[in-house]
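Worksheet for the structure shown next.
Number of protein chains: 4
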Amino acid sequence: MDFAYSAKARDYLERLNAFMAEEVMPAEPIYEQQLVHGPDWTQWKQPPIMEELKAKAKAAGLWNLFLPEEEYGPGLSNADYAPLAEITGRTPMAPEIFNCNAPDTGNMEVLVKYGSKAQKDAWLEPLLAGEIRSAFCMTEPAVASSDATNMQATATIEGDDVVLNGRKWWSSGVGHPHCKVVIFMGLTDPTAEKHRQHSMVLAPLDTPGIKVERMLPVFGAYDGPFGHGEVSFTNVRLPLDAIIAGPGRGFEIAQGRLGPGRIHHCMRVIGAAERALELLCQRSLGRVAFGQPLARLGGNPDVVANCRMAIEQARLLTLKAAWMMDTVGVKGAMSEISQIKVVAPSMAQQVIDAAIQIHGGAGLSNDFALTALYAYARVLRIADGPDEVHRKLIAKLEYKKQQAKFARSV
Amino acid sequence: MDFAYSAKARDYLERLNAFMAEEVMPAEPIYEQQLVHGPDWTQWKQPPIMEELKAKAKAAGLWNLFLPEEEYGPGLSNADYAPLAEITGRTPMAPEIFNCNAPDTGNMEVLVKYGSKAQKDAWLEPLLAGEIRSAFCMTEPAVASSDATNMQATATIEGDDVVLNGRKWWSSGVGHPHCKVVIFMGLTDPTAEKHRQHSMVLAPLDTPGIKVERMLPVFGAYDGPFGHGEVSFTNVRLPLDAIIAGPGRGFEIAQGRLGPGRIHHCMRVIGAAERALELLCQRSLGRVAFGQPLARLGGNPDVVANCRMAIEQARLLTLKAAWMMDTVGVKGAMSEISQIKVVAPSMAQQVIDAAIQIHGGAGLSNDFALTALYAYARVLRIADGPDEVHRKLIAKLEYKKQQAKFARSV
Amino acid sequence: MDFAYSAKARDYLERLNAFMAEEVMPAEPIYEQQLVHGPDWTQWKQPPIMEELKAKAKAAGLWNLFLPEEEYGPGLSNADYAPLAEITGRTPMAPEIFNCNAPDTGNMEVLVKYGSKAQKDAWLEPLLAGEIRSAFCMTEPAVASSDATNMQATATIEGDDVVLNGRKWWSSGVGHPHCKVVIFMGLTDPTAEKHRQHSMVLAPLDTPGIKVERMLPVFGAYDGPFGHGEVSFTNVRLPLDAIIAGPGRGFEIAQGRLGPGRIHHCMRVIGAAERALELLCQRSLGRVAFGQPLARLGGNPDVVANCRMAIEQARLLTLKAAWMMDTVGVKGAMSEISQIKVVAPSMAQQVIDAAIQIHGGAGLSNDFALTALYAYARVLRIADGPDEVHRKLIAKLEYKKQQAKFARSV
Amino acid sequence: MDFAYSAKARDYLERLNAFMAEEVMPAEPIYEQQLVHGPDWTQWKQPPIMEELKAKAKAAGLWNLFLPEEEYGPGLSNADYAPLAEITGRTPMAPEIFNCNAPDTGNMEVLVKYGSKAQKDAWLEPLLAGEIRSAFCMTEPAVASSDATNMQATATIEGDDVVLNGRKWWSSGVGHPHCKVVIFMGLTDPTAEKHRQHSMVLAPLDTPGIKVERMLPVFGAYDGPFGHGEVSFTNVRLPLDAIIAGPGRGFEIAQGRLGPGRIHHCMRVIGAAERALELLCQRSLGRVAFGQPLARLGGNPDVVANCRMAIEQARLLTLKAAWMMDTVGVKGAMSEISQIKVVAPSMAQQVIDAAIQIHGGAGLSNDFALTALYAYARVLRIADGPDEVHRKLIAKLEYKKQQAKFARSV
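Protein chains in written order, with numbering that gives the first Met the number 0: chain A, 0 to 409; chain B, 0 to 409; chain C, 0 to 409; chain D, 0 to 409.
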């Protein structure tokens with residue numbers, strides 16, 4: 000048993016921390032200033048500071064850190080990348096700087112594992128280079144997406160074409176001016192067995208029939224220049240080779256896509272919580288009420304202690320899940336991955352809420368990053384499977400394990 | 000002991016409910032559409048539908064319901080107004096329709112109780128008529144406002160003038176195009192005894208030296224056309240008769256102002272929670288996953304039961320606090336008023352969060368009112384005294400009571 | 000709306016409080032000393048102090064307060080008795096003093112409402128006089144009793160006899176040397192409709208075939224001289240007129256029996272929480288650590304405030320449920336009765352646990368009544384329907400209400 | 000980073016698990032039967048089965064596993080012993096079987112590190128052999144022991160003697176018929192600096208002036224044959240060499256004593272929680288209500304998932320604390336040790352409470368080990384420093400860390 004990060008992870012961590020301190024955190028207010036706010040996504044622009052930072056990060060070798068395949072980057076294991084992902088969670092602007100932001104990371108993983116040579120050339124290369132962005136169109140407005148089999152959109156094969164129809168939403172990143180392609184998931188063959196009915200299709204965003212209907216706000220904020228889009232697909236016709244790995248493999252790809260992504264999300268949200276706790280301490284050490292710094296008043300030290308304990312525990316569980324991904328694979332780590340997906344965002348929601356409270360009104364405004372971090376944590380309790388579905392799975396696996404144990408003990 | 004609302008309250012409740020169902024709720028999307036969003040408050044406009052609804056409410060006798068004085072309205076007691084306030088909490092747009100929105104209500108109460116004839120003529124009359132709006136400038140950005148004695152702004156008496164200096168923020172409503180006056184609180188005499196040092200001053204918004212610096216977002220939303228302003232006061236010179244009730248009475252007025260306001264806020268936030276629970280039930284009865292309506296799945300019924308119990312308890316406590324205000328006064332109800340201020344917003348935050356969760360992504364967007372209601376609840380845990388200060392007071396009163404009891408029992 | 004207790008309730012409350020202060024609380028250590036502890040129930044004796052106190056309470060007119068029927072006592076409504084029940088919850092020994100202890104109260108209610116003249120003469124009279132005690136045999140060890148239809152014991156009619164077979168447990172009070180009779184519930188006619196299959200039978204404890212197998216501890220304590228018994232019934236033969244209200248009415252009687260009992264339990268557990276909070280305050284005001292009384296240290300004032308708010312809310316909800324029982328009946332108060340059954344014991348469990356924590360080791364010992372009060376609260380989360388079943392019912396009623404509302408609004 | 004136990008730990012774990020399954024768990028009811036219950040500790044006897052099991056464990060090489068020094072046993076690191084301690088937490092009877100039970104373990108550690116040759120010969124040898132038991136007399140009834148400087152007992156040096164006076168309680172194990180010696184802590188020199196004033200003294204239990212006054216129950220259970228004693232010391236005169244490591248070193252020894260002990264306690268309580276979750280699953284898979292196994296009903300799967308997540312997190316945090324003890328020492332692991340002391344017992348309390356709830360009445364009785372495990376968890380929130388003190392320390396260290404960080408970043 001060894002809780003120390005590997006030498007490789009420590010080396011990257013040191014460099015990443017330095018880059019964050021010197022380049023990223025000072026740029027946070029500049030980025031905020033260069034942003035075009037509001038729901039009209041057609042006016043959104045990439046803030047110039049972002050492209051500058053991307054270039055610097057690439058030059059510093061802090062690029063595509065998330066991919067375990069050495070062919071495409073430093074080739075870090077999940078356990079080694081996890082502490083880096085945590086650091087990029089400290090500010091919503093960081094992941095893109097290192098080309099490590101969802102949903103592009105998941106889309107790149109899909110292309111690495113399942114993409115044809117042509118698909119890789121067309122989309123993986125520019126994504127790896129950070130030249131374009133992408134989106135993932137799975138969730139639908141008309142049905143409970145927590146049950147993926149509810150999906151109503153179709154990817155029908157007609158001769159040499161696949162034809163996409165349906166309405167998707169929460170397609171994050173689709174509002175970005177650099178977004179050029181989406182991965183669309185739809186029903187291809189309702190007569191096939193349950194998990195072989197759907198396909199994933201690469202659809203260039205300018206294909207006729209694709210329409211971004213609107214951007215969806217989260218707590219009133221539109222998250223430009225990425226955004227969360229509602230997108231309609233009306234008789235979108237594409238050649239058959241736009242299908243990733245062939246028809247009917249949608250569920251298989253979706254499953255593989257989610258494991259590492261959940262670890263990334265959880266580590267980032269832990270980084271968000273860690274930053275919130277820092278802000279909480281800084282504020283409460285610096286403000287005085289009733290003759291004492293807030294840090295000493297009433298139950299505030301308890302709040303700090305509770306936050307620290309919650310963060311530590313969630314981090315250890317997430318690191319263990321990452322280590323299991325590396326050692327026993329997604330399947331062996333199924334319960335742990337669901338566990339962190341429940342634990343980390345809830346923990347972060349509570350820690351950030353506590354930090355908001357200590358900041359008073361300031362914590363609710365944009366003067367601190369707290370509400371943006373909060374929104375991220377809150378969204379994660381729904382995205383990539385709501386807490387409810389993960390708890391259900393954890394219990395199912397637990398019952399199974401206990402039943403096996405009792406069977407053995409008889 | 001009688002838990003039934005009075006006949007008078009029931010009559011108003013019935014009429015208010017009918018008005019809400021026929022006029023207000025159908026107008027919610029129209030109002031939303033007519034709003035000018037974003038941080039540039041100089042562009043904000045009063046949505047025309049609001050003025051139409053105000054006229055209808057006034058005609059229906061549903062106007063200025065909050066004032067116990069019969070001279071200015073129906074003259075409802077706190078206990079009778081409480082259930083009405085609850086109903087107006089169902090949508091953020093409702094209170095203004097009935098001229099019952101903060102901070103105008105508190106400002107009107109102050110003028111009724113402490114205003115001179117001239118002050119009443121100038122400001123109370125148009126406020127009662129709903130012709131103008133007002134703001135309240137107390138909280139400051141540079142200090143912990145949870146301890147009111149931290150206040151740094153000054154209201155210095157120079158000959159026949161009072162001169163205001165300082166910086167205030169979270170001055171809600173100051174961005175409204177109808178806002179014409181603010182009540183400013185500042186230090187007048189640092190040598191007086193602790194609670195006789197401050198004054199409250201009526202300052203027309205167009206007085207030279209007053210500058211609205213910016214609007215503050217809450218979770219990224221700017222709440223136009225009201226807004227929450229940061230306002231600077233630089234040598235703002237006003238005649239002495241702009242001081243309400245004379246110099247040094249600021250704390251006395253602030254104390255009296257807060258009791259009813261806290262009950263109004265708490266009842267409204269209970270109404271917000273009640274609506275969230277309705278939406279939660281409606282959504283979970285209507286959506287299907289894993290072959291069943293969400294309403295039946297896993298722990299969802301427990302969530303509903305927990306929400307119901309939490310709402311019932313918070314409502315009873317708030318009604319009791321209102322009844323105590325009517326029967327034993329603010330001073331006798333001090334613990335109860337602090338209790339509801341802690342209980343109701345926290346309860347609402349949890350209930351609305353649960354409703355968001357059941358809605359999935361939709362709950363985070365503006366397609367439902369949930370995030371706006373959530374922001375209201377979250378703000379209330381800070382505004383009018385943060386939870387921490389109220390809990391401290393509750394404990395202090397409890398210790399005092401217990402010590403008296405032990406003293407008696409010896 | 001009026002939150003004040005009635006004049007009648009206030010009068011009884013004053014007298015009861017005086018009796019508690021003068022007679023009961025000083026006798027608590029004497030009673031404890033006179034108790035025979037341990038699992039061997041055959042050695043248990045009624046502590047003499049109890050009979051003295053019963054005589055005094057009877058003389059003081061504080062007797063059989065729980066029965067709303069004027070024929071048998073002061074005839075207090077549920078709303079009027081509720082605050083008295085609260086006071087008797089301050090010490091586990093109190094209810095018996097006033098002849099107001101479960102399960103005798105429930106059994107007396109059953110006899111008042113459903114008993115024949117002969118049954119009343121034989122059992123109700125001595126119970127009302129406090130001359131004998133009784134038990135209620137419903138819960139069974141072999142099945143999940145949360146679902147009452149699981150019941151396996153039988154009350155078979157054979158000619159002029161009813162024959163009881165089965166095994167019951169958690170038959171509280173059956174170990175008392177004064178216990179002379181039990182009410183047994185069993186299956187009579189499996190072919191009848193679901194809620195007409197069971198009967199309730201009055202069985203003298205010395206009837207051949209009844210055997211008290213053992214006493215069950217709660218957290219290791221055996222609660223003598225009452226105890227919680229496991230009782231076997233083997234061919235227990237009784238005349239048909241031992242059946243209460245005739246065969247097949249068991250469920251009907253059980254339903255009616257539970258409403259008032261739940262209010263009594265909840266009010267008592269609120270009294271237990273109130274006493275725990277008093278002890279908590281007293282201890283934390285009197286003990287010093289790190290140079291300050293515990294009352295001032297860290298988050299302790301928050302603990303006090305949280306306890307106060309939780310108690311107030313639970314009490315108001317319980318009082319409202321009692322008032323509804325009086326005004327709209329058990330059926331109309333169904334949701335509220337289930338709500339208090341979930342809310343009050345959980346609240347008390349938390350408040351008492353907090354009081355234990357402030358007392359340190361002393362709180363875990365018998366030097367304070369805290370662990371006994373804790374056990375009472377904990378038991379109540381299971382007895383008379385576990386929390387889970389009550390939440391299920393609350394949700395069901397909520398869905399029904401919301402569906403009706405939506406139907407109306409279409 | 001490596002979350003796998005070491006080969007050595009895995010080997011011991013396998014053997015320990017086998018021994019638990021074959022020898023210990025089947026003996027649990029026998030031990031229970033052989034116990035002498037009740038408060039009269041003079042009647043307590045060592046159940047014969049315990050001595051049999053001790054002999055078997057010793058023969059199997061599963062003896063004194065807790066000591067890192069190879070001289071006295073297998074020489075396991077804290078990280079390697081931690082998973083073994085967890086297993087021994089599954090039943091209260093287990094630790095003694097392996098000679099790994101508190102407070103003897105802590106006392107042996109003290110003697111190993113600070114004992115003289117004579118002290119080791121006299122007390123360490125028979126303790127290591129399991130021939131005698133010991134107690135630790137630190138906590139006092141008259142003061143808040145959470146602040147150790149409150150201690151009032153004295154260990155006064157008079158010529159060649161040290162004279163002990165004072166009253167201690169919660170001296171666990173002092174009721175055991177094998178208990179022969181206690182370690183007493185008292186004030187020696189009130190003029191010395193704050194943490195050099197106290198001494199620890201080895202006092203044979205039969206020394207004149209030592210009187211075991213009574214045994215203290217926990218939730219009504221007396222935990223024989225160990226017990227928790229209240230002990231008076233009246234002019235107990237001992238030679239100076241009874242002082243461990245010389246006068247004035249009491250605090251230093253106490254500090255060193257607590258680190259490993261806290262890890263042992265936390266791991267055992269995690270084992271208790273793990274067993275409770277097994278029982279919970281077993282019961283809920285085996286009982287049926289409303290037509291389904293409890294395991295499927297309502298929120299029960301959520302309960303299981305929540306328990307699983309809480310246990311995993313607490314275990315990882317405790318293992319990390321153990322690893323830090325081994326790698327950076329008690330001082331470097333100070334925050335983590337306080338963290339686990341707060342996290343693990345609270346977690347266990349909740350998990351075991353959930354298991355009790357699923358068992359219904361059976362869970363409250365002695366038919367399952369749940370209430371005994373619950374009492375252990377509850378006691379731990381007070382023993383070895385109450386939660387409040389640990390949270391205070393965690394916050395203090397956090398503030399210090401954050402202040403250093405901010406200082407660096409300026």
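For glycine and all other residues, C-beta sits at the position ideal for the given N, C-alpha and C. Here the structure is a predicted model, which is why all the values come from computation and not from measurement.
Any idea which residues DSSP pairs residue i with across the strands?
i, result
"cysteine 136 of chain D", "D/Phe183"
"arginine 213 of chain A", "A/Glu229"
"proline 73 of chain D", "DSSP, once it has assigned bridges, lists no residue as partnering proline 73 of chain D."
"arginine 166 of chain C", "C/Ser231"
"aspartate 1 of chain C", "B/Asp1"
"valine 287 of chain C", "C/Pro292"
"arginine 236 of chain C", "C/Val162"
Chain C partners of residue i, CB-CB under 7 Å?
i, result
"glycine 298 of chain A", "Gly297, Gly298, Asp301"
Considering only the beta carbon of each residue, do residue i and residue j sit closer than 9 Å?
i, j, result
"isoleucine 393 of chain D", "alanine 343 of chain D", "no"
"asparagine 299 of chain A", "isoleucine 357 of chain A", "yes"
"arginine 307 of chain A", "leucine 293 of chain A", "no"
"histidine 264 of chain C", "lysine 210 of chain C", "no"
"glycine 258 of chain D", "valine 329 of chain D", "yes"
"glutamine 348 of chain B", "arginine 390 of chain B", "no"
Please list the partners that residue i has in chain D, where partner means a Cβ-to-Cβ separation under 7 Å.
i, result
"phenylalanine 405 of chain A", "Gln281"
Which residue comes first and which comes last in the beta strand (DSSP E) that contains residue i?
i, result
"proline 28 of chain A", "No beta strand (DSSP E) holds proline 28 of chain A; the alpha helix (DSSP H) holding it covers 24 to 33."
"methionine 199 of chain A", "197 to 203"
"glutamate 157 of chain A", "153 to 157"
For residue i, go through chain B and note every residue whose CB falls closer than 9 Å to its CB, in chain order.
i, result
"serine 5 of chain C", "Met0"
Is residue i near the ligand ZN - that is, is its Cβ less than 8 Å away from at least one heavy atom of it?
i, result
"glutamate 51 of chain A", "Of the ligands one can find in the structure shown there are none, so the ligand ZN has no counterpart to examine."
For a contact meaning CB atoms closer than 9 Å, what does residue i contact in chain C?
i, result
"serine 144 of chain D", "Ala288, Gly359, Gly360"
"tryptophan 62 of chain D", "Simply none; closest approach about 30 Å."
"glutamine 338 of chain B", "Ala304, Arg307, Met308, Glu311, Gln312"
Can you pull the chain A neighbours of residue i, defined as C-beta to C-beta under 9 Å?
i, result
"glutamate 130 of chain D", "In chain order: nothing, as chain A lies at least about 34 Å away."
Quick one: list the residues of chain C neighbouring residue i, beta-carbon separation under 8 Å, in chain order.
i, result
"leucine 316 of chain B", "Met308, Glu311, Gln312, Leu315"
Quick one: give me the first and last residue of the alpha helix (DSSP H) that residue i is part of.
i, result
"threonine 326 of chain B", "299 to 326"
"proline 94 of chain B", "93 to 96"
Next on the checklist: Using a Cβ-Cβ cutoff of 8 Å, what residues of the stretch 22 to 36 of chain C are near chain B? List them in chain order.
Outcome noted: none
Checklist entry - Quick one, which residues of the stretch 362 to 379 of chain D are near chain C if we go by CB-CB under 9 Å, in chain order? => result Gly362, Leu363, Ser364, Asn365, Asp366, Thr370, Ala371, Tyr373, Ala374, Arg377, Val378
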